[in-house]
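This report concerns only the one structure given below.
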Amino acid sequence: MEKPLFPCSYMRITQGVMEGTHKDSYAFDNAGKDTGIDSVRAPFTGVIKKIYPQDANEVWLESVDVVEYPDGTIDYMTMMFAHDNDISNLSVGQIIPRGTAFYEEGTKGNASGNHVHMECGRGKFTGTGWHKNNAGYWSINNGKHPSECLWIDDSITVLSSYGYQFKTIPVVKEEPKKETESTTPVQKEEPKKEEVKKTPTLIFTCKSDDLYAINLKKGEKLYLE
Ligand SMILES: [Zn+2]
Numbered sequence: 033m034e035k036p037l038f039p040c041s042y043m044r045i046t047q048g049v050m051e052g053t054h055k056d057s058y059a060f061d062n063a064g065k066d067t068g069i070d071s072v073r074a075p076f077t078g079v080i081k082k083i084y085p086q087d088a089n090e091v092w093l094e095s096v097d098v099v100e101y102p103d104g105t106i107d108y109m110t111m112m113f114a115h116d117n118d119i120s121n122l123s124v125g126q127i128i129p130r131g132t133a134f135y136e137e138g139t140k141g142n143a144s145g146n147h148v149h150m151e152c153g154r155g156k157f158t159g160t161g162w163h164k165n166n167a168g169y170w171s172i173n174n175g176k177h178p179s180e181c182l183w184i185d186d187s188i189t190v191l192s193s194y195g196y197q198f199k200t201i202p203v204v205k206e207e208p209k210k211e212t213e214s215t216t217p218v219q220k221e222e223p224k225k226e227e228v229k230k231t232p233t234l235i236f237t238c239k240s241d242d243l244y245a246i247n248l249k250k251g252e253k254l255y256l257e
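My numbering numbers the first residue of the sequence shown as 33 and each following residue consecutively.
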């Protein structure tokens with residue numbers, strides 16, 4: 033069963049849920065690697081249910097099958113994407129395999145810079161796909177927080193997660209093939225791989241006793257010797 037993958041190679045969330053134009057919604061903006069235009073991959077194998085070119089070229093993608101949510105529950109998922117400048121490659125009914133770059137960041141629909149506006153909804157596409165919320169913004173039906181819908185893996189570089197904790201897809205180890213009709217003893221244990229020991233990178237040698245100030249980003253580690 034598919035686990036919906038965060039749709040961009042570079043996670044750099046620039047506007048979070050429930051704030052500004054995302055008020056009363058779980059919409060979030062991702063601006064990718066830089067200010068250029070990054071592509072957006074299908075988080076799951078989905079079918080395009082709706083395209084709304086009158087505004088920000090919104091596209092709704094519904095999973096063709098149920099998917100596994102990070103909390104282990106199983107359901108369909110629908111996602112809405114916005115701001116691609118050119119969606120002439122897309123049409124309703126089109127099946128997009130998981131991982132396919134099918135959408136792009138852009139500025140269509142009053143976006144101040146290239147990014148993709150996204151919103152996850154639990155379940156299948158319903159009604160017109162969205163509704164005008166209490167703050168007056170159009171929001172996907174059955175909206176759900178992105179970190180409760182999308183997984184990440186090592187193909188994604190996290191530049192800024194906006195403090196959201198995304199669950200990592202566990203790496204599936206390939207089972208060694210079973211030898212069924214062999215007279216030679218079956219080697220049961222895989223040779224253990226030596227762990228690569230990380231050596232700390234030398235960035236500064238202290239020449240005299242003193243107090244030093246250093247800027248650290250959240251999650252960064254500092255080693256002293
Ligand atoms: Zn947005």
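Just so it is clear, CB atoms sit at the ideal spot from N, CA and C, and this is done for glycine as well.
Original post:
residue 112: which of 187, 243 and 81 sits nearest, CA to CA?
Top reply: 81
**OP:** Identify which residue in 39, 43, 50 and 179 has its Cα closest to the Cα of residue 170.
**Re:** 50
Original post:
With a CB to CB cut of under 8 Å and the five nearest residues on each side skipped, what residues in its chain are close to residue 77?
Top reply: 34, 95, 96, 97, 127, 128, 129 and 130
Original post:
What number of angstroms, rounded off, separates the C-alpha of residue 22 from the C-alpha of residue 46?
Top reply: The question about residue 22 has no answer, for the chain in this structure spans 33 to 257.
**OP:** Quick one: using the 10 Å Cβ neighbour count with 16 as the cut-off for buried, is residue 258 buried or exposed?
**Re:** For the chain, the structure presents residues 33 to 257; residue 258 sits outside this window and is missing.
**OP:** Thinking residue 110 and residue 156 are a contact (beta carbons under 8 Å), I'd like their distance in whole angstroms, please.
**Re:** 6 Å
Original post:
In whole angstroms, what separates the C-alpha of residue 201 from that of residue 163?
Top reply: 32 Å
**OP:** Grab me the residues of residue 207's own chain with a C-beta within less than 8 Å of its C-beta, minus the 5 sequence neighbours each way, in chain order.
**Re:** none
**OP:** Please name the residue in 86, 68, 151 and 48 whose C-alpha comes closest to that of residue 142.
**Re:** 86
**OP:** Check whether the Cβ atoms of residue 117 and residue 132 lie closer than 8 Å to each other.
**Re:** no
Original post:
Less than 7 Å between the CB of residue 67 and some heavy atom of ligand 1, yes or no?
Top reply: no
Original post:
Would the C-beta of residue 87 count as close to ligand 1, meaning under 7 Å from any of its heavy atoms?
Top reply: no
**OP:** Tell me the start and end of each unbroken beta strand (DSSP E) in the stretch 61-139 that is at least 3 residues and wholly inside, in chain order.
**Re:** 71-73, 78-84, 90-95, 109-114 and 133-136
**OP:** Could you tell me whether the Cβ atoms of residue 56 and residue 174 are closer together than 8 Å?
**Re:** no
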